[in-house]
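S.K.:
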Amino acid sequence: MLPIVLVAFCFGGYYLCLHLPSPHRGSTSADIVHSEYRFGDVNKTHLSAARKNGIKPVAEREDIPTEGLIKIESCKQYLVGYLAHSSPYLTPAAAELLDEIAVRFQAALKEQGFEKHRIIVTSVLRTGSDVKRLREVNENASANSAHQYATTFDITYVRFDRQSLFGKAADNEKLANILGETLKQLRNEGRCYIKYETRQRCFHITSRK
């Protein structure tokens with residue numbers, strides 16, 4: 001009887017991890033990101049790489065050339081959040097970069113003994129109409145965004161999707177800086193450009209391939 005109860009308890013905990021929203025742990029301030037991870041690659045740099053490696057910007061979502069792109073969906077490595085002003089498509093190289101970020105982040109958590117979490121993607125490919133609508137609600141949004149080329153995505157650093165109750169608990173600050181270290185490695189390897197965004201609480205990332 002006891003083994004059955006233990007199995008039921010473990011399964012129930014795992015189910016709750018997957019199906020209940022993860023609680024915020026600690027601060028959601030932009031200040032939780034340590035200075036060494038406040039990457040400052042400017043929009044001009046992102047645009048240069050995006051224009052070189054991405055698609056031609058399109059006006060409407062029905063114009064997105066989906067055949068040449070990868071549709072990203074929530075998986076074991078990452079969670080695709082609600083995309084109010086973008087569509088879940090990336091170039092193959094950018095999709096590969098996203099996978100690598102997620103895999104390395106989870107490997108770092110495991111190595112340090114923390115509970116498993118997924119990173120959360122908050123913005124991907126934007127059409128011209130998406131950019132226009134976004135600028136109506138966010139005056140700081142760029143009219144000339146690298147997001148229009150399917151090479152660029154945003155990952156929040158104040159929210160993470162907990163996947164396990166096993167391991168040490170980690171607050172937002174710890175998770176944000178483990179993510180920052182993961183991004184620093186890939187940036188140093190020449191894989192991407194990154195902008196630390198304070199208002200949107202995200203890392204704005206563009207593939208260099």
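Numbered per this note's numbering, the sequence shown spans residues 1 to 209. By construction, the Cβ of each residue, glycine as well, lies at the ideal position given by its N, Cα and C atoms. All values reported here derive from a predicted model rather than from experimental measurement.
Under 8 Å, with one C-beta from each stretch per pair, do the stretch 45-61 and the stretch 82-97 reach the 3-pair mark?
M.R.: yes
S.K.: Under 8 Å, do Leu98 and Tyr78 count as touching if we go by C-beta distance?
M.R.: Translated into positions along the sequence shown, residue 98 becomes position 98. Translated into positions along the sequence shown, residue 78 becomes position 78. Going by C-beta atoms, Leu98 is nearer than 8 Å to Tyr78.
S.K.: Secondary structure at Gly180, three-state DSSP: helix, strand or coil?
M.R.: Position 180 of the sequence shown holds residue 180. Looking at Gly180 - three-state DSSP - the assignment turns out to be helix.
S.K.: In or out: Leu165 buried (at least 16 other Cβ within 10 Å) or exposed?
M.R.: Locating residue 165 in the sequence shown gives position 165, where the first residue counts as 1. Per the 10 Å Cβ criterion, exposed.
S.K.: Tell me whether the beta-carbon of Tyr149 lies closer than 8 Å to the beta-carbon of Cys202.
M.R.: On the sequence shown, residue 149 is found 149 positions in, with the first residue counted as 1. On the sequence shown, residue 202 is found 202 positions in, with the first residue counted as 1. Going by C-beta atoms, Tyr149 is not nearer than 8 Å to Cys202.
S.K.: Exposed or buried, what is Glu136 when buried is set at 16 or more other beta-carbons lying within 10 Å of its beta-carbon?
M.R.: Numbered from 1 along the sequence shown, position 136 holds the residue referred to as residue 136. With fewer than 16 neighbouring CB atoms inside 10 Å of its own CB, Glu136 falls in the exposed class.
S.K.: Taking the alpha-carbon positions, what's the Arg212 to Glu73 distance?
M.R.: A question about residue 212 goes unanswered here, because the residues of the chain that appear run from 1 up to 209.
S.K.: Looking at the secondary structure, which residues open and close the beta strand (DSSP E) in which Arg118 lies?
M.R.: Taking the first residue of the sequence shown as 1, we reach residue 118 at position 118. Its beta strand (DSSP E) spans residues His117 to Ser123.
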